[in-house]
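> In this note's numbering, the protein residues as written are 801 to 1102.
Written out as structure tokens, the structure reads:
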């Protein structure tokens, strides 16, 4: 089942079409990377999912049903622009949030103690939110996002403001929540985190979906003409009409072949002039995919 489905969703602000005919399906239990350059339409799309703004046209479905206000009770949302009640004490804020979410008092008390201890905030429980550092406030807001054990968790730049230790902790909790059964939508500019965490990705640019699907097949498809070679000899073989681009490190080179080139043909030609110690097809990283697709779109609109 698709936990979240967008069908031809469009949103404009004046003359600017921020989101144009976006359609996608997010499978239940997935960790879904929602990617795109600044201004691509990611935040606008997320705000429509969260019913902060309404689409001009198209349909959004949550949990297999047409979007309704009560669906948000089953969603946890960490926005890029953080916001907490700064004058409230940490524990009071968590109790208030639990009450709003309908969590029984005896259950919420145990959860509060567990999460405060897990994130190193126990000594700050009676401090006002405004007294916390930026990183501590980020941890608190992340806790509140997952506190009610939602079925869908939307994280917009969840690692912003965190040091490496706390970023690691957040990553561990994301994986735990996914193992619990939650579907995670993960929007970030940190491509290495997408590489490690996500099993599906959607890349949008200029308000359009330009790539969407399961990550492994996408890598195999886009990496069919990317090679890694270790060689001995002169690099003259790289000056070939079969090579679209390369990054040579001396005796090690990463090669992108032209679209119609068969990798075995290139290998055969290279063996005429150099000794090959290593030859393998290389899957592109998410970073490579991002650059390839966005730059390709920019070239198409030039």
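Every residue gets a Cβ at the ideal spot worked out from N, C-alpha and C, and that includes glycine. This structure is a prediction, so every number in the text was calculated from the model and none was measured.
In chain order, what residues of the same chain lie with their CB nearer than 8 Å to the CB of residue 1040, ignoring the 5 residues before and after it?
The residues are 1066 and 1069.
> Is residue 776 helix, strand or coil by DSSP?
Beyond the ends of the chain as shown, which are 801 and 1102, falls residue 776; an answer cannot be given.
> Is it the case that the Cβ atoms of residue 961 and residue 937 are separated by a distance below 9 Å?
Taking 9 Å as the Cβ cut-off, residue 961 and residue 937 qualify as a contacting pair.
> Whose C-alpha, out of 948, 963, 957 and 859, is nearest the C-alpha of residue 994?
Cα-wise, what sits closest to residue 994 is 957.
> Across the segment 942-951 and the segment 869-882, are there enough close Cβ pairs to call them in contact, namely three or more that are closer than 8 Å?
Yes: at least three Cβ pairs fall under 8 Å.
> Can you tell me where the alpha helix (DSSP H) holding residue 916 begins and where it ends?
Residues 905-918.
> Mark residue 869 as exposed unless 16 or more other C-beta atoms lie within 10 angstroms of its C-beta, in which case mark it buried.
Exposed.
> List the whole-angstrom C-beta distance separating residue 1089 from residue 1022, where the pair is believed to meet the contact cut-off of C-beta under 8 Å.
With a Cβ gap of about 6 Å, residue 1089 and residue 1022 count as contacting.
> Taking only three categories from DSSP, how would you classify residue 882?
Correct three-state label for residue 882: coil.
> Please name the residue, chosen from 1052, 1013, 932 and 864, that lies closest to residue 885 on a Cα-to-Cα basis.
For residue 885, the nearest C-alpha among the options comes from 932.
> Just to confirm, is the Cβ distance from residue 1087 to residue 999 under 9 Å?
Contact flag unset, no.
> Output the boundary residues of the beta strand (DSSP E) element that contains residue 978.
No beta strand (DSSP E) holds residue 978; the alpha helix (DSSP H) holding it covers 964-980.
> Within the continuous alpha helix (DSSP H) that includes residue 941, where are the two ends?
Counting along the chain, the alpha helix (DSSP H) containing residue 941 begins and ends at 934-946.
> Could you check the C-alpha separation between residue 1045 and residue 1036 for me, to the nearest Å?
Their backbone Cα atoms lie some 14 Å apart in a straight line.
> Is residue 988 helix, strand or coil when you go by DSSP?
Residue state, collapsed to three classes: coil.
> Taking three-plus beta-carbon pairs below 8 Å as touching, is the segment 808-827 in contact with the segment 839-852?
Yes: at least three Cβ pairs fall under 8 Å.
> Specify, as a first and last residue, the run of the beta strand (DSSP E) that residue 810 falls within.
Note, residue 810: beta strand (DSSP E), 802-813.
> Please work out which residues of its chain come closer than 7 Å, Cβ to Cβ, to residue 812, disregarding the five sequence neighbours upstream and downstream, and give them in chain order.
These residues qualify, in order along the chain: 818 and 856.
> Check the C-beta distance from residue 1042 over to residue 1057 and give it rounded, since I have them as a contact under 8 Å.
The Cβ separation is near 6 Å, so the contact holds.
> I'd like to know if residue 860 contacts chain E, where contact means its C-beta is closer than 9 Å to some C-beta of that chain.
Checking the listed chains, one finds no chain E in this structure; it contains a single protein chain.
> For the segment 810-845, which segments carrying the beta strand (DSSP E) assignment without a break, of at least 3 residues, lie completely within its bounds, in sequence order?
Qualifying beta strand (DSSP E) stretches, in chain order: 816-827 and 831-835.
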